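Position in the sequence shown (from 1) plus 33 gives the number in this note's numbering.
C-beta atoms are modelled at their ideal positions from N, C-alpha and C, and glycine is treated no differently.
In this text the structure is predicted, and so the values were computed from the model without any measurement.
Below: the structure, in structure tokens.
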Amino acid sequence: MTTGLTSAPKRTFVARLADWFRRSAGALALLCLSSVAAAEWGLNMTPGVTDVSVEVYKLHMLIFYICVAIAVVVFGAMIYSIFQHRKSKGVTPATFEGSTKVEIVWTSIPFIILIAMAIPSARALIQIEDTRAPDMTVKVTGYQWMWQYEYLDEGLNFYSNLAIDSNLARQLGSEIDPESVENYLLEVDKPLVVPVGKKVRILLTSNDVIHAWWVPALGGKKDAIPGFINEMWFKVNTPGIYRGQCAELCGKDHGFMPIVVTAMADADYQQWLDEQTGRTADLAEPADTGSAVTQTAVVDDRERSMDELMAAGEKSYITHCSACHMVNGAGMPPTFPALAGSAVATGDIAAHIDIILNGKAGTTMMAFGAQLSDFEIAAVTTYERNAWGNATGDVVQASDVRAQR
Ligand SMILES: [Cu+2]
Numbered sequence: 034m035t036t037g038l039t040s041a042p043k044r045t046f047v048a049r050l051a052d053w054f055r056r057s058a059g060a061l062a063l064l065c066l067s068s069v070a071a072a073e074w075g076l077n078m079t080p081g082v083t084d085v086s087v088e089v090y091k092l093h094m095l096i097f098y099i100c101v102a103i104a105v106v107v108f109g110a111m112i113y114s115i116f117q118h119r120k121s122k123g124v125t126p127a128t129f130e131g132s133t134k135v136e137i138v139w140t141s142i143p144f145i146i147l148i149a150m151a152i153p154s155a156r157a158l159i160q161i162e163d164t165r166a167p168d169m170t171v172k173v174t175g176y177q178w179m180w181q182y183e184y185l186d187e188g189l190n191f192y193s194n195l196a197i198d199s200n201l202a203r204q205l206g207s208e209i210d211p212e213s214v215e216n217y218l219l220e221v222d223k224p225l226v227v228p229v230g231k232k233v234r235i236l237l238t239s240n241d242v243i244h245a246w247w248v249p250a251l252g253g254k255k256d257a258i259p260g261f262i263n264e265m266w267f268k269v270n271t272p273g274i275y276r277g278q279c280a281e282l283c284g285k286d287h288g289f290m291p292i293v294v295t296a297m298a299d300a301d302y303q304q305w306l307d308e309q310t311g312r313t314a315d316l317a318e319p320a321d322t323g324s325a326v327t328q329t330a331v332v333d334d335r336e337r338s339m340d341e342l343m344a345a346g347e348k349s350y351i352t353h354c355s356a357c358h359m360v361n362g363a364g365m366p367p368t369f370p371a372l373a374g375s376a377v378a379t380g381d382i383a384a385h386i387d388i389i390l391n392g393k394a395g396t397t398m399m400a401f402g403a404q405l406s407d408f409e410i411a412a413v414t415t416y417e418r419n420a421w422g423n424a425t426g427d428v429v430q431a432s433d434v435r436a437q438r
């Protein structure tokens, strides 16, 4: 009588458990297919396009499978013991205390596993840190909020800013739908261009706060720290466009300084390089913000019309100045002054050009003299003097800027 009463709930428990397993079978099957699911959701790491990134990916998978194997063994043993040695089956617990043999086994097995994992990890680390014998070197400098790329051997030097359509779409109250912008916040005006199959060394530093240069497909991520130079390298195997972002919280526009790397066949790269270093005429193109060669070396004194200056000035302004002074010129006082109605932007022209050329020491208003051409500074000055109700009617020409350099 008592047996019947006590055994009934036990049977129910086991039956319920079995039932649960049967019902969960579908979910379990799904879990087993999770590698397929992960690929579709983009949950797993990607192998990337460099030897190092592939190495890192393989290491990641290896360690992952080791963890899975350990989990299967440990949980298997646990679940087996729970079911096989349960009290209701009449099992009586062992009473021994301490076992040197067991202690040795469960210390040495993890030790061996850790050593086994350390070997490929160390190999990958050494490969990542080996910046010797590069084919080319690019110095990358982080700024609030853009990147500067200096090709040290090629004499090429330019800035890479958030692309203008992303920049317009991201403004508060913008009428442009971000959904309609291709590669929203992941596009720049001038990408870093590198040849495939060449070892590119990156020297990384910053001009203001700590940034971090991160392009997932190229493997690795490094901090750009003011006053320090960090090194990294990559050799891209597949031509393509690879996108990344600053990965260090670096101020209000941290999310608006993307990185784009274009990898092309060596011949195409050489052609691109020739175009960049050889040209002078293209500097006049309004769309060409952040021009290639060092601006001061190029004399471009053509007279432009007010319309031409205003159109080029607006583009330049949105790309280089709107992060702080806002697209509508209202700034964010007291940190970033408004330019609409500003005494500088409506007063003495020379003083206006001067603050753009040389910046203002001790503030985030940096010198744009090295980054922008005479024409670009003339255009942006003209724009600021005539936009947002600053109706000065002043026209500033490249020659005016040149005279003040
Ligand atoms: Cu940053």
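Any idea if residue i is buried or exposed, counting beta-carbon neighbours within 10 angstroms, 16 or more meaning buried?
i: S115; result: It should be pointed out that residue 115 corresponds to Ile in this sequence rather than to Ser. By the neighbour-count rule (16 or more Cβ atoms within 10 Å), I115 is not buried but exposed.
i: V101; result: exposed
i: F129; result: exposed
i: H118; result: exposed
i: K268; result: buried
i: A384; result: exposed
i: E461; result: The structure shown does not extend to residue 461, since the chain is modelled only from 34 through 438, so no value can be given for it.
i: W74; result: exposed
i: A356; result: buried
i: A345; result: buried
i: M365; result: exposed
i: P370; result: buried
i: Y275; result: buried
i: T174; result: buried
i: G206; result: exposed
i: G131; result: exposed
i: T439; result: Beyond the ends of the chain as shown, which are 34 and 438, falls residue 439; an answer cannot be given.
i: K223; result: buried
i: L38; result: Note that L38 has pLDDT 45, beneath the 50 cutoff, so the model's placement of it is unreliable and no number is given.
i: T352; result: buried
i: D321; result: Here D321 scores only 44 on pLDDT, less than 50, and its place in the model should not be relied on; the value that follows carries that caveat. Answer is buried; the Cβ neighbour count reaches 16.
i: T329; result: Note that T329 has pLDDT 45, beneath the 50 cutoff, so the model's placement of it is unreliable and the number below is only indicative. Exposed.
i: S40; result: Residue placement at S40 cannot be trusted, given a pLDDT of 45 that sits under 50; the coordinates are not used to answer.
i: R337; result: buried
i: G139; result: Residue identity differs from the one stated: residue 139 is Trp in this sequence, not Gly. So W139 counts as exposed.
i: Y182; result: buried
i: I137; result: exposed
i: G123; result: exposed
i: A51; result: exposed
i: L185; result: exposed
i: M251; result: A small correction: the amino acid at residue 251 is Leu; Met does not occupy that position in the sequence shown. With 16 or more other Cβ atoms within 10 Å, it is buried.
Does the distance between the C-beta of residue i and the nearest non-hydrogen atom of ligand 1 fall short of 7 Å?
i: W178; result: yes
i: M290; result: yes
i: C279; result: yes
i: C283; result: yes
i: G444; result: With the chain represented from 34 up to 438, any question about residue 444 goes unanswered, as that position is not in the structure.
i: G175; result: yes
i: H287; result: yes
i: H244; result: yes
What does DSSP give as the partner residue(s) for residue i in the beta ladder?
i: P249; result: BP columns for P249 are empty, so no partner.
i: N391; result: Per DSSP, none; premise fails for N391.
i: R335; result: Bridge partners of R335: none, in fact.
i: T238; result: T174
i: V227; result: A296
i: M398; result: Per DSSP, none; premise fails for M398.
i: Q309; result: For Q309, which the question treats as bridged, DSSP gives no partner whatsoever.
i: F191; result: Y182
i: W421; result: Partner(s): none; W421 has no beta bridge.
i: E264; result: L236
i: F369; result: M365
i: M169; result: V233
Closest Cβ-Cβ distance between residue i and chain C: below 8 Å?
i: V227; result: No chain C is part of this structure, which consists of one protein chain only.
- Message: Does the stretch 233 to 244 come into contact with the stretch 302 to 310, if we say contact requires no fewer than three beta-carbon pairs (one atom in each stretch) closer than 8 Å?
- Response: no
- Sufficient close CB pairs (3 or more, under 8 Å) joining the stretch 188 to 203 to the stretch 414 to 434: Counting C-beta pairs closer than 8 Å gives fewer than three between the stretch 188 to 203 and the stretch 414 to 434, which falls short of the contact rule.
- Query: If you pair each beta-carbon of the stretch 214 to 232 with each one of the stretch 378 to 393, do three or more pairs fall below 8 Å?
  - Reply: no
- How do the stretch 148 to 166 and the stretch 75 to 92 stand: do at least 3 beta-carbon pairs fall below 8 Å, yes or no? Three or more pairs of CB atoms, one per stretch, sit closer than 8 Å, so the stretch 148 to 166 contacts the stretch 75 to 92.
- Segment contact, 8 Å Cβ cut-off, at least three pairs: the stretch 283 to 298 with the stretch 212 to 227: Contact between the stretch 283 to 298 and the stretch 212 to 227 is present, because at least three Cβ pairs lie under 8 Å.
- Task: Decide if the stretch 249 to 261 is in contact with the stretch 145 to 159; the criterion is three or more beta carbon pairs, one per stretch, under 8 Å apart.
- Result: The stretch 249 to 261 and the stretch 145 to 159 do not touch, with fewer than 3 CB-CB distances between them shorter than 8 Å.
- Report yes or no: do three or more beta-carbon pairs, one from the stretch 277 to 284 and one from the stretch 103 to 115, lie closer than 8 Å? no
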